[in-house]
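Throughout the sequence shown, residue numbering follows this note's numbering, covering 21 to 284 in sequence.
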Amino acid sequence: MTTLATTASAPARYGFRQAARMEWVKLRTLRSTFYALLLTVVSMVAIGVVTMANTKAPSPDKAATFDPTNNVLAGVALGQLLIGVLGVLIVTGEYSSGSIRSTLAVLPDRRLLLTAKACVYGGVVLLVGEVVAFLTFFAGRAALAAGVPRPDLGDAGVLRAVLMSGAYLGMIGLMGLGIGAIIRHTASAIASLVGVTFVLPALIGGISGPTVAKYFPTMIAGNSLAVTKPVSDMLAPWTGFAVLCLYTAVVLGVGARLLARRDA
């Protein structure tokens, strides 16, 4: 009887598989997930089509720097905001509603919890990012007027640019998740995300030029990843990608440490 009582009262053990399943259920049952991802797809495709429809054939003196692939992926700027904000809300929403206490009661290993959140959300937004990047590319390519050079996935750098743009959205989603874990307050976390991705690059770029601004995520995305031709004074594509991977790892690492050390 003692053995049976002890077994019955023992808490269930949750590993990564159970934690990931729990996070997947929470993610797919949030209405904000569907609407944010749908808006990301629609807005990126729409921006890509409109941009390409208004793209004119380059003059002879600008033909060498003409990069229609960069033009068609212009919607990444808005897509990153939507996906980043959703990443923030996945964490801060639990704090604002108080449901984080129930989550931690079931899964007290906080690092495992954040790992599960990152893997589930990161996997979803990486998939969505790649799908929307290719969808935008083909839709925008079809919208080009006759006589304008059409990019092709077989052209030098084009496939890499499209793939990296999709991966960038995945990393921004994870950065938003990490910022949410660090700050825990929705408005402050979103303000920090917007500041890092939009405000600071513009301010610093206006003061010092690309010397410092080129290291900010949005500048890396627009001038390093989504390009087929080198942009002067900007990071090379693979260098920029490595920097973004480092940023993502650092933000998630700090978020995991603070989540483990602070009270719910």
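All C-beta atoms, glycine included, are put in the ideal place defined by N, C-alpha and C.
Residue nearest to residue i in terms of C-alpha spacing, selected from the options
i: methionine 184; options: Thr259, Thr112 and Thr217; result: Thr259
i: leucine 102; options: Leu197, Leu272, Ser79 and Ile202; result: Leu197
i: threonine 112; options: Ile210, Asp253, Arg204 and Ala276; result: Arg204
i: valine 216; options: Ile192, Ser228 and Lys46; result: Ile192
i: alanine 187; options: Ala153, Ala233, Lys76 and Ala84; result: Ala153
i: glycine 229; options: Asp253, Thr75 and Ala136; result: Asp253
i: valine 168; options: Val45, Lys82, Leu279 and Ala136; result: Lys82
i: glycine 99; options: Leu109, Tyr115, Val61 and Pro88; result: Val61
Where residue i falls: helix, strand or coil (DSSP)
i: phenylalanine 54; result: helix
i: tyrosine 34; result: coil
i: glycine 275; result: helix
i: valine 168; result: coil
i: valine 105; result: helix
i: leucine 127; result: coil
i: arginine 282; result: coil
i: valine 270; result: helix
i: leucine 173; result: coil
i: glycine 113; result: helix
i: glycine 118; result: coil
Proximity below 8 Å, CB of residue i to CB of residue j
i: alanine 162; j: glycine 275; result: no
i: threonine 71; j: glycine 160; result: yes
i: valine 251; j: leucine 189; result: no
i: alanine 39; j: leucine 127; result: yes
Supposed close pair residue i, residue j - CB separation, criterion 8 Å
i: threonine 85; j: valine 178; result: No, threonine 85 and valine 178 are not in contact; Cβ-Cβ is about 15 Å, not under 8 Å.
i: phenylalanine 157; j: valine 92; result: 6 Å
i: valine 108; j: isoleucine 210; result: 6 Å
Near the ligand ATP: residue i beta-carbon under 7 Å from a heavy atom
i: lysine 82; result: This structure does not include the ligand ATP; it has no bound ligands of any sort.
| task | Please list the segments of the alpha helix (DSSP H) lying wholly inside the region 184 to 267, counting only runs of 4 or more residues, in order along the chain. | result | 206 to 214, 220 to 228, 230 to 233 and 237 to 240
| task | Return the chain-ordered ranges of every beta strand (DSSP E) run that is complete within the region 57 to 95 and spans a minimum of 3 residues. | result | none
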